[in-house]
Amino acid sequence: MNEVNKSTMANAEFDQIITKRQISKLDQLFASVFSNSKEVIAVLRLSGVIGKVSTMQSGLTLESLNELIEKAFKIKKLKALCLIINSPGGSPVQSELIAKRIRDLAKENKIKIYSFIEDMAASGGYWLACSGDRIYALPSSVIGSIGVVSSGFGFHEAINKLGIERRVYTEGKNKSVLDPFKPINKDDLKIIKDLQKQVYEHFIEYVKTRRAGKLTQQDEILFNGEFWAGQTALDYGLIDGIGDMYSVMKEKFGDNVKFQYLCAKQPWLKKKLGIGSKILTDNLANSLIDAVENKIINDKFDMK
Numbered sequence: 001m002n003e004v005n006k007s008t009m010a011n012a013e014f015d016q017i018i019t020k021r022q023i024s025k026l027d028q029l030f031a032s033v034f035s036n037s038k039e040v041i042a043v044l045r046l047s048g049v050i051g052k053v054s055t056m057q058s059g060l061t062l063e064s065l066n067e068l069i070e071k072a073f074k075i076k077k078l079k080a081l082c083l084i085i086n087s088p089g090g091s092p093v094q095s096e097l098i099a100k101r102i103r104d105l106a107k108e109n110k111i112k113i114y115s116f117i118e119d120m121a122a123s124g125g126y127w128l129a130c131s132g133d134r135i136y137a138l139p140s141s142v143i144g145s146i147g148v149v150s151s152g153f154g155f156h157e158a159i160n161k162l163g164i165e166r167r168v169y170t171e172g173k174n175k176s177v178l179d180p181f182k183p184i185n186k187d188d189l190k191i192i193k194d195l196q197k198q199v200y201e202h203f204i205e206y207v208k209t210r211r212a213g214k215l216t217q218q219d220e221i222l223f224n225g226e227f228w229a230g231q232t233a234l235d236y237g238l239i240d241g242i243g244d245m246y247s248v249m250k251e252k253f254g255d256n257v258k259f260q261y262l263c264a265k266q267p268w269l270k271k272k273l274g275i276g277s278k279i280l281t282d283n284l285a286n287s288l289i290d291a292v293e294n295k296i297i298n299d300k301f302d303m304k
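Numbering of the sequence shown is given in the UniProt record's numbering, commencing with residue 1 and proceeding in unit increments.
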C-alpha cells in the first residue's frame, strides 16, 4: 500500500473518531437538557388574615389566590406543591374554599401537597395547613386555636354620652341583630352562639377527616381553642414533623429538583403609590378599625 493510501485511510479513521466524539457530546447535551432536567416543586405562600381585611384591601381569599393555585398545577414536571403558611386565621368560609380548591386540583392532577408552618397556623390558618397531605412546622411555630370567634365593638354608651340619637327602621325582628349602637341582648347572643356552634362542629369534622388516624388527644384538649408550639403539636398529631421546607424537600426528593415560587402581581396603583394609595382611596375611620382588629388577631399569637 502506498503512502497516499495510508494517509487517506488515517484521515478517514481520524474523521470517524472525531464524528463519534461529536455525536457523543451531542447525546450528552440532549440527555442533560431533556432526560435529566430537574423536576419542579411549586411554592405558594399563604400569609396574613384570611378573608377581606378592609374596604379596599383583601387578605387571603379564593378570588385572590385561585389564579396562582391553578398556575401551580400547570407547571411542567411538577413533583409537589409546598404551601408556606403564616396566618392567624380569619374567615371560615374563605379558609374552606381555598383548602377545597387546593385539594380538588391535587386529586385531579395526582400531586402531593406539603404544608410548612412558619410563625403560626392558627384557627383558619390551621384549616389551610390541613389541605396538605403532610404538615411540618418549626419548634417555635404556633399551631392550633381550633375554634370559632366573633368580635366587634359596642358604641351604645359612647353615643349616649355624645347626645346622639340613633334611628333604625326594620322589617323582621332580627334584622338589626348585633347592632353595635345597641346593648347586647339574650336573643342576639343566642343567634350568634348557634351560628358559631355549627361552624365550630364543621371545623372539627374537617380536622378529624384530614388528620384521620393521627390525632392522639381527646376532643376536649384539641378543640378548645388552645394553641401550642411545634413539638407539642407534633405529639398531639396536629402536624407530621419538625422541619423547614428546604431541608424536608431535599431529604424527600434529593438535589435534582428546583423550587418555583408563585407570586401575585401587585396592582399598578399600589406599585406606584405604595401604602399611600390606601390612604387616598380608603375611608380613614374604617381603615383604623380594620387595622385595630387585624392587630388584635395577630397579637394574640405574637411572642415578641
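Yeah, the Cβ is synthetic: ideal placement off N, Cα and C, and Gly gets one too.
Predicted model only: the values in this text are computed from it and were never measured.
Using only CA atoms, which one of the options lies nearest to residue i?
i	options	result
L83	A42, W228 and V168	A42
F155	V149, E165 and I146	E165
Q260	I50, K77 and S58	K77
E205	D219, G48, L81 and I239	D219
Q231	E96, Y136 and K71	Y136
G132	R167, L44, L62 and G89	L44
V93	K258, L195, K110 and K252	L195
D244	G124, T170 and R134	R134
G124	L97, D104 and K112	L97
L46	L238, A158 and M120	M120
L62	M249, D188, R103 and L81	R103
A80	S247, I111 and G59	I111
V207	K107, L222 and Q198	L222
E108	E157, Q198 and F73	F73
D235	Q217, S247, Y246 and K250	Q217
V168	L162, V177 and L189	V177
G225	I159, V40, F203 and D255	F203
L238	L60, K52, S58 and S115	S115
Thinking C-beta only, is residue j closer than 8 Å to residue i?
i	j	result
G48	S95	no
F227	A122	yes
V257	K38	yes
I192	S145	no
A233	I85	no
I113	G89	no
A99	W127	yes
Can you give me the Cβ contacts of residue i inside the same chain, cut-off strictly under 8 Å, excluding the 5 residues immediately before and after it?
i	result
P139	A229, G230, Q231 and I242
F253	E39, I41, K79 and A80
residue 305	There is no way to answer for residue 305, as the model of the chain reaches only from 1 to 304.
K175	none
K173	none
Report back the beta-carbon spacing between residue i and residue j to the nearest angstrom; my notes put them in contact at under 8 Å.
i	j	result
R101	I69	6 Å
S64	A264	7 Å
S141	E157	Their Cβ separation, rounded to whole angstroms, is 40 Å, which puts S141 and E157 out of contact at 8 Å.
CB-CB under 7 Å to residue i, same chain, minus the five flanking residues each way: which ones, in chain order?
i	result
Y200	G147 and V148
D240	R134, I135 and Y136
I159	R166 and F181
G276	Confidence in G276 is poor, its pLDDT being 47 and thus under 50, which makes the residue's placement too unreliable to answer from.
L262	A42, V43, L44, L68, K71 and A72
G59	G48, V49, I50, G51, K52, V53 and G90
K190	none
D188	V177 and L178
F153	P180
V33	Residue placement at V33 cannot be trusted, given a pLDDT of 48 that sits under 50; what the coordinates show is reported in the next sentence. Cβ neighbours of V33 beyond the five flanking positions: none.
Give a yes or no on whether 8 Å exceeds the smallest Cβ distance from residue i to chain C.
i	result
D244	Reference to chain C is not applicable here, since this structure consists of a single protein chain.
Quick check: does the Cβ of residue i come within less than 7 Å of any heavy atom belonging to the ligand MN?
i	result
C82	For the structure depicted, the ligand MN is absent and the ligand set is empty, with no information on it obtainable.
Spatial neighbours of residue i within its chain, please: C-beta separation below 6 Å, excluding the five flanking residues on both sides.
i	result
E171	none
L162	none
F301	Residue placement at F301 cannot be trusted, given a pLDDT of 47 that sits under 50; the coordinates are not used to answer.
The stretch 181-189 in contact with the stretch 201-215 per 3-pair CB rule at 8 Å: no
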